[in-house]
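Visitor: Got a structure for you, written out below as structure tokens; questions coming shortly.
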Amino acid sequence: MQFDMSGWQVAGFLACAAVAAGAQSITGFAQALILLGLTGLFHLAPLPDVANVAMVLSLASAATALRGSLRSLDRGLLVSTINGSVVGVAAGVVLLSWLNANVVMLLRLLLGLVVIACAIVVLVRARPLAALSSRRSFAGFGFLSGLLGGLFSASGPPLVYQFYRQPMDIEAVRDTLQATLAAGALVRLVMVVPSGQFSLRALVLAVVALPLVVGITWWMRRHPPAWRRTTVLKFVCALLVVTGVGLVGPAVHAVF
């Protein structure tokens with residue numbers, strides 16, 4: 109397969125990757141969602157390729173962001189969530205190969221509506237829960253996240269809803285969430301590459317975008333915006349709404 113993107117398309121992709129990396133550094137998620145949404149909006153590259161690039165960039169961002177910040181991780185919640193996520197990713201990838209296109213689009217429509225509803229709930233209940241949720245709860249949300257990641261490469265929303273409601277410091281929420289999503293991306297990447305679904309286009313885009321994404325992540329970790337918890341929550345909710353609309357729009361057009 110030849111690399112068939114123009115210079116303008118590559119430049120546009122890098123701009124989208126830069127925006128996604130900045131948002132990821134602030135919230136601990138959204139890199140894949142924003143990259144998929146923006147590149148799809150401007151028709152820069154096929155979505156399967158972008159999803160594969162997003163997995164690589166998420167891993168690079170997490171490695172850069174978490175270097176020297178491991179003390180902020182809640183390892184117990186991280187392990188519980190990853191255990192559920194690994195099973196969910198495997199189930200999602202298998203389910204995607206079994207479902208036909210119409211059913212997948214209907215599920216995408218439902219997912220978009222659920223994501224928008226989650227954003228509203230998180231915004232209305234801006235105060236943290238009175239007590240930390242159980243490990244079983246985190247494992248359950250991890251499974252749901254992995255399932256959606258395997259199906260749509262959209263694993264973030266369930267974990268965002270779960271983590272941002274917890275009585276935890278924003279730094280702990282952000283870093284634990286980022287580490288969990290990176291683990292899910294690694295599992296999906298390990299399943300995708302041996303099956304031959306990682307194209308030359310995806311490889312070139314990943315190599316070109318890596319220095320930019322790592323640089324932005326490094327800079328943002330050393331110069332973070334001094335936002336309050338409520339401001340971060342509003343930003344998170346805005347990203348979820350944009351993601352939900354991005355999922356609903358194409359699905360409505362395809363189904364109806």
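Each residue of the sequence shown is one higher than the one before, starting from 109 at the first, in the working numbering. Here a beta-carbon is modelled for each residue, glycine too, at the ideal position from N, C-alpha and C.
Check whether the segment 342-357 and the segment 214-230 touch, using three or more Cβ-Cβ pairs below 8 Å as the test.
Guide: Result yes; three or more Cβ-Cβ pairs closer than 8 Å.
Visitor: Quick one: grab the DSSP three-state call for L207.
Guide: The answer is coil: DSSP assigns L207 none of H, G, I, E or B.
Visitor: For the pair the segment 184-198 and the segment 155-170, tell me if three or more CB-CB distances fall below 8 Å.
Guide: Touching, no, given that fewer than three Cβ pairs across the two stretches are closer than 8 Å.
Visitor: Since A131 contacts A138 with CB under 8 Å, what's their CB separation in whole angstroms?
Guide: Going by Cβ atoms, the distance from A131 to A138 rounds to 4 Å, so yes, they are a contact pair.
Visitor: Answer with buried or exposed for D277, where buried requires no fewer than 16 other C-beta atoms within 10 angstroms of its C-beta.
Guide: Per the 10 Å Cβ criterion, exposed.
Visitor: Tell me where the alpha helix (DSSP H) around G130 begins and ends.
Guide: Run containing G130: 115-135, per the alpha helix (DSSP H) assignment.
Visitor: Does the contact criterion of 3 or more C-beta pairs under 8 Å hold for the segment 296-310 versus the segment 235-252?
Guide: These segments do not touch.
Visitor: Would you kindly report the start and end of the unbroken alpha helix (DSSP H) that includes P236?
Guide: Segment: none, P236 is in no alpha helix (DSSP H) and carries neither H nor E.
Visitor: Going by Cα to Cα distance, which pick from A162, I134, G136, S133 is closest to L143?
Guide: The shortest C-alpha separation from L143 is found at A162.
Visitor: Alpha carbon to alpha carbon, how far is V300 from F306?
Guide: In a straight line, the C-alpha of V300 is about 7 Å away from that of F306.
Visitor: To the nearest angstrom, report how far apart A198 and G220 are at their CA atoms.
Guide: A198 and G220: Cα-Cα distance of roughly 22 Å.
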